[in-house]
Amino acid sequence: MIKMEVRRLWVLVVSFMVLVQTLGIKCCVRQEREALLNIKTYFLTNYNDTRVEKYLSSWWVTDDPNSDCCRWNQVKCHPSSGRVSKLSLQDLNDIKLFSVAPWVGDPANFAIDFSMFQDFKELTSLNLSKGRFQSLENTAVLGNLSNLEVLSIKGNYFEGSLPYTKYAK
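Those letters in the sequence shown? Residues -24 to -1, 1 to 145, per mature numbering (1 follows the signal peptide of the UniProt record, and there is no 0), in order.
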């Protein structure tokens, strides 16, 4: 009788594991997927260059709620929560990445607005290096990104410094 109970329990556990694997956690939290699409729109609108579209081509612009942003290029998610943990926009405005043709936009206007990242509650790494950004906007948001451990902004053309945060050196 005990053998039968152990067997039933084993079948139940295995069935549950198969169900979890099949259904799983839907990766990519909707709010974060929308935030990523807003970031793409920001760069497409402000820099009006087809090279940005190519760089972020894996970032779907459909309203498909099942599109998994954790599978998009430059995006890494925490495996259990499905929240964005790493985001790399490295080389986004770097001419060498795309071609030898000059950049269409005005380099004096390249700005990075940190409010675009406020929805990423588990963001641990943000790479904005070699973006040719000229200015930082809404830097106070950095204080709200409590899990952020790595902020890479090297290779940009910022003047001044970040407000006092754990990132300022």
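Every residue gets a Cβ at the ideal spot worked out from N, C-alpha and C, and that includes glycine. Since the model is a prediction, treat every value here as computed from it, not as a measurement.
Can you give the beta carbon distance from residue i to residue j, rounded, assuming they're within the 8 Å contact cut?
i      : j      : result
ASN132 : ARG108 : 7 Å
PHE93  : LEU138 : 14 Å between Cβ atoms; not a contact.
Give the single residue among the options whose Cα lies nearest to the Cα of residue i.
i           : options                       : result
LYS106      : LEU68, HIS54, GLU135          : LEU68
ASP44       : GLU10, ASN22, LEU65           : GLU10
ASN49       : TYR23, LYS16, THR21, SER56    : LYS16
residue 165 : LEU12, GLU(-20), LYS(-22)     : Here the chain comprises residues numbered -24 to 145, so residue 165 is not present and cannot be evaluated.
residue 157 : ASN120, GLY119, LEU112        : Given that the chain is displayed from residue -24 to residue 145, the structure contains no residue 157 and the question cannot be resolved.
PHE134      : THR100, TYR23, THR115, VAL126 : THR115
SER64       : THR100, VAL117, LEU104        : LEU104
TRP36       : LYS130, ASN14, LEU102         : ASN14
To the nearest angstrom, how far is the alpha carbon of residue i from that of residue j?
i      : j        : result
VAL51  : ARG(-17) : 41 Å
GLN110 : ASP89    : 11 Å
GLN66  : SER91    : 18 Å
GLU29  : SER57    : 28 Å
ARG47  : SER34    : 8 Å
TYR18  : GLU(-20) : 59 Å
Keeping to the same chain, check which residues put their C-beta closer than 7 Å to that of residue i; ignore five residues upstream and five downstream.
i      : result
HIS54  : SER61, GLU98
GLU8   : CYS45, ARG59, VAL60, ASP95, PHE96
VAL5   : GLY58, ARG59
ILE129 : LEU104, SER105
LEU20  : VAL28, GLU29
Leaving out five residues before and five after residue i in sequence, what residues of the same chain have Cβ atoms less than 6 Å from its Cβ?
i      : result
PHE74  : Legend: pLDDT at PHE74 = 40, less than 50; position of this residue unreliable, value from coordinates given subsequently. ARG27.
LEU102 : LEU63, LEU127
ARG32  : For clarity, residue 32 is Leu in the given sequence; the question names Arg instead. So the qualifying residues of the chain are LYS16.
With which residues is residue i paired in a DSSP beta bridge?
i      : result
CYS45  : Paired residues: none, contrary to the question.
ILE129 : DSSP lists no partner for ILE129.
ILE88  : LEU112
CYS53  : VAL60
Quick one: residues in its chain with C-beta nearer than 8 Å to the C-beta of residue i, no 5 flanking neighbours on either side, listed in chain order?
i      : result
THR100 : SER61, LYS62, ASN123, LEU124, GLU125, VAL126
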